[in-house]
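Engineer: The numbers in full-length UniProt numbering rise by one with no breaks, and the one at position 75 of the sequence shown is 75. The C-beta atom is built at its ideal place from N, Cα and C for all residues, glycine as well.
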Amino acid sequence: METMLVSACLLGIDCKYSGGNNYSEKLMELIKYKKAIPICPEQLGGLTTPRPPSEIQDGEGGEVLAGKAKVVTASGKDVTDAFIKGAEESLKIAKLYGATTAILKSLSPSCGCGTIYDGSFSNTKKLGNGVTTALLL
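Below, the structure written as structure tokens:
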């Protein structure tokens with residue numbers, strides 16, 4: 001049976017920044033015959049739920065990991081360390097369970113794959129990955 005990491009919010013766990021979730025019935029059907037390990041990198045990094053929304057500024061996830069970009073809240077608080085810790089913990093879990101696939105929440109500064117918000121908190125998107133996605137790739 002294939003083991004995969006899945007963003008916990010997509011499984012209906014109330015862990016997104018607003019305190020809600022992004023439950024996906026289609027995803028539940030897709031993973032019915034797989035071993036799904038729920039993760040919330042932001043909680044794994046020590047952030048609370050609910051929490052202020054965060055975006056990556058001056059780059060994307062790979063650049064956060066390289067120390068060239070940062071993750072900040074809308075009020076300007078730097079939460080980069082929590083996002084890096086959450087990514088590292090997610091990678092540990094993937095290795096522990098032998099997960100070779102991940103289904104992660106789009107646009108998230110942690111989990112986004114290919115497209116994320118641009119750091120201006122204006123709902124503007126840009127190309128890039130979240131911090132956890134960048135580390136898992």
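1) Check for me: the alpha helix (DSSP H) holding methionine 28 runs from which residue to which?
2) Since I believe alanine 87 is in contact with phenylalanine 121 (beta carbons under 8 Å), could you give me their beta-carbon distance rounded to a whole number of angstroms?
3) Classify asparagine 123 as buried or exposed, calling it buried when 16 or more other Cβ atoms lie within 10 Å of its own Cβ.
4) If I follow the unbroken alpha helix (DSSP H) through valine 131, where does it start and stop?
5) Mind checking who tyrosine 117 pairs with in its DSSP beta bridge?
6) With a cut-off of 8 Å, do at least 3 Cβ pairs link the stretch 1-10 to the stretch 94-105?
7) Just to confirm before moving on: does the CB-CB distance between leucine 65 and isoleucine 93 stay below 8 Å?
8) Who are aspartate 78's beta bridge partners in DSSP?
9) Note down the Cα distance separating tyrosine 17 from lysine 95, rounded to an integer number of angstroms.
Structural biologist: In short:
1) Locating residue 28 in the sequence shown gives position 28, where the first residue counts as 1. Per DSSP, methionine 28 belongs to the alpha helix (DSSP H) from 25-30.
2) Counting from 1 along the sequence shown, the entry for residue 121 is found at position 121. Counting from 1 along the sequence shown, the entry for residue 87 is found at position 87. That belief does not hold up - the Cβ atoms of phenylalanine 121 and alanine 87 are roughly 21 Å apart, past 8 Å.
3) Numbered from its first residue, the sequence shown carries residue 123 at position 123. The residue in question, asparagine 123, is exposed, as its Cβ has fewer than 16 Cβ neighbours within 10 Å.
4) Position 131 of the sequence shown, counted from the first residue, corresponds to residue 131. Element bounds for valine 131: 131-136.
5) Counting from one through the sequence shown, the residue named residue 117 turns up at place 117. Beta-bridge pairing links tyrosine 117 to Lys125.
6) In this structure the stretch 1-10 lies against the stretch 94-105, because at least three pairs of beta carbons, one per stretch, are closer than 8 Å.
7) Working through the sequence shown from its first residue, we reach residue 65 at position 65. Working through the sequence shown from its first residue, we reach residue 93 at position 93. Contact: no.
8) What you label residue 78 is simply residue 78 of the sequence shown in a count that begins at 1. Answer is Val72.
9) Position 17 of the sequence shown, counting from 1, holds the residue named residue 17. Position 95 of the sequence shown, counting from 1, holds the residue named residue 95. Each residue's Cα considered, the two are about 26 Å apart.
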